[in-house]
Every structure is written in structure tokens, then in C-alpha cells.
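Here the structure comes first, spelled out in C-alpha cells, and everything after it is commentary.
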Amino acid sequence: MPMEIDPATQTIEGNYKLVSGLIVPRPIAWITTMSPDGVVNLAPFSAYGMVGHNPPMLMVSIGTRDGAAKDTYRNIVDGGEFVVNVAGFSDAADVQASSQAFGSEESETRLLGLPLQPCAAIAVPRLAHVPAAMECRLRGCMAYPDADNAIIIADIVRFHIRDDLLSNGKIETGVLDPLARIAGPNYAGLD
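Going letter by letter, the sequence shown gives residues 68 to 258 in our numbering.
Below, the structure is given as C-alpha cells:
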């Protein structure tokens, strides 16, 4: 007989461990945003997914840090634009490093030595080395008073895809080798 657990009797940390350990693997949205002062922020989010294809839309859930809004959330709401950079398995160390708490005035891309490229349709830059990236514009944001996260819905306004990833209009997922998150600071590739 399986164990039955009521989330209402769990701690926040206990529920996090169960949800993040059961919903695996999760794709990673390695998001670049820009502050009103022009500081480029980079942070990974593994509560992320496809919303639809007509028009192409995605969602990302952004939690708080110590009860305060994260830079990524503030920058998206203030500027209305962001980039989802698709991290490859080889990016795991940089993805983990970019998840640390840096000051709003510090750019993770600069601190980690990750070069940027301009985007085509938005002001926020993208990571130069990633195999794919999606330029996004904010469509809506849902926040609930009893939750410590907000759900961002965005339109994808441009795709940037490395040439060798496309075959007959489809992504060669094995070549992409996307990084996925599993429980804790653990990551997985396709193999």
C-alpha cells in the first residue's frame, strides 16, 4: 500500500521535495532579463513549459527569495521582455552558478564570463553560446495571495536555433542535448 501524504500537514520544504522529486525531469528556462538600469540578469527556472503553438507561447513560474520578488520577475514585469536560453547538458555548472543570489546591480553573465548577443525583436540580449533561444514578450502574469510564486505567460516572438539542430523543420533533440533538472541540485541529459 503506498504512503498517503496530505500537503497541508507538510512543511513548505517537505512539499517542495515531494513535488520537485516527482515531476522529473524538468526542462530549464535559463532566462536573461534586463533591469531598467541596463543590468543583464541571468537565472534558471525549472517550473517552465509550453503553453501552445498558435501563437507560440510558454510559461514560467517564478518564486520569491526570502519573501521578496526575484530580479527576473521584476525585470519581466517592468520591461515586458525576456529570453529563454536553452541550456545544453555541458552548461550544468554555469546554470547552477547562475542560480546563486547576486545583488540586483550585478550581472550574472558578466560575473560568469558568459558572452551575450543582441536579439532581433527585443532589447534584452541572449546568451551567445547556447544551442537555441526564444525571445519572449510578456502576455500576462498570474499571482495568488496564498502562493509564493507567480506564473508568467509569454509570446515567443523569435526563435534562434543552431543550424545543426533543425532537420525538416523539426528539432534534433539528441543533438540539442538539453539540460534537465531533477531533485535538488542534480541535473540530467538525454542519455
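All C-beta atoms, glycine included, are put in the ideal place defined by N, C-alpha and C.
Contact set for residue i: own chain, Cβ-Cβ below 8 Å, skip 5 residues either direction
i: Met101; result: Val107, Asn108, Asn142, Gly146, Glu148, Ala190, Val191 and Pro192
i: Lys84; result: Ala250
Cα-Cα separation between residue i and residue j, rounded to whole angstroms
i: Ser165; j: Leu179; result: 8 Å
i: Gln184; j: Gln77; result: 44 Å
i: Leu194; j: Glu71; result: 43 Å
i: Ile90; j: Gly116; result: 12 Å
i: Asn121; j: Met68; result: 43 Å
i: Asp161; j: Met126; result: 23 Å
i: Tyr140; j: Thr240; result: 29 Å
i: Cys208; j: Ala154; result: 24 Å
Of the listed residues the options, nearest to residue i (C-alpha basis)
i: Val86; options: Ala96, Trp97, Asp73 and Ile98; result: Asp73
i: Glu80; options: Gly251, Gly256 and Ala255; result: Gly251
i: Ile223; options: Gly134, Val151 and Ala159; result: Val151
i: Thr131; options: Thr176, Ala187, Gly256 and Ile218; result: Ile218
i: Asp258; options: Met201, Ser157, Asn235 and Arg177; result: Ser157
i: Asp133; options: Arg206, Arg204, Val197 and Asn216; result: Asn216
i: Tyr211; options: Pro69, Ser128, Pro94 and Ala187; result: Ser128
i: Trp97; options: Val91, Gly88 and Ala110; result: Ala110
i: Asp104; options: Val242, His120 and Ser174; result: Ser174
i: Val144; options: Asn235, Ala221, Leu233 and Gly236; result: Ala221
i: Ala214; options: Gly256, His196, Gly88 and Ala135; result: Ala135
i: Gly256; options: Ala159, Ser234, Pro182 and Ala75; result: Ala159
DSSP state of residue i mapped onto helix, strand, coil
i: Ser171; result: coil
i: Ser165; result: helix
i: Lys237; result: strand
i: Ile79; result: helix
i: Val150; result: strand
i: Val127; result: strand
i: Tyr254; result: strand
i: Asn142; result: helix
i: Val224; result: strand
i: Val242; result: helix
i: Pro111; result: strand
i: Pro94; result: strand
i: Ala200; result: strand
Inter-residue CB distance, residue i and residue j (contact presumed, cutoff 8 Å)
i: Ser171; j: Asp138; result: 5 Å
i: Ala168; j: Arg225; result: The Cβ separation is near 30 Å, so there is no contact.
i: Arg259; j: Met124; result: Outside the modelled stretch of the chain, which goes from 68 to 258, sits residue 259, for which no answer is possible.
i: Pro94; j: Pro198; result: That belief does not hold up - the Cβ atoms of Pro94 and Pro198 are roughly 13 Å apart, past 8 Å.
i: Asp231; j: Val242; result: 6 Å
Contact set for residue i: own chain, Cβ-Cβ below 7 Å, skip 5 residues either direction
i: Arg248; result: Pro92, Arg93, Ile95, Ser113 and Tyr254
i: Arg177; result: none
Close Cβ partners of residue i (< 6 Å) along its chain, the five nearest in sequence each way excluded
i: Ala200; result: Val150, Asn152, Arg193 and His227
i: Glu202; result: Val150, Cys186, Ala188, Ile189, Val224 and Arg225
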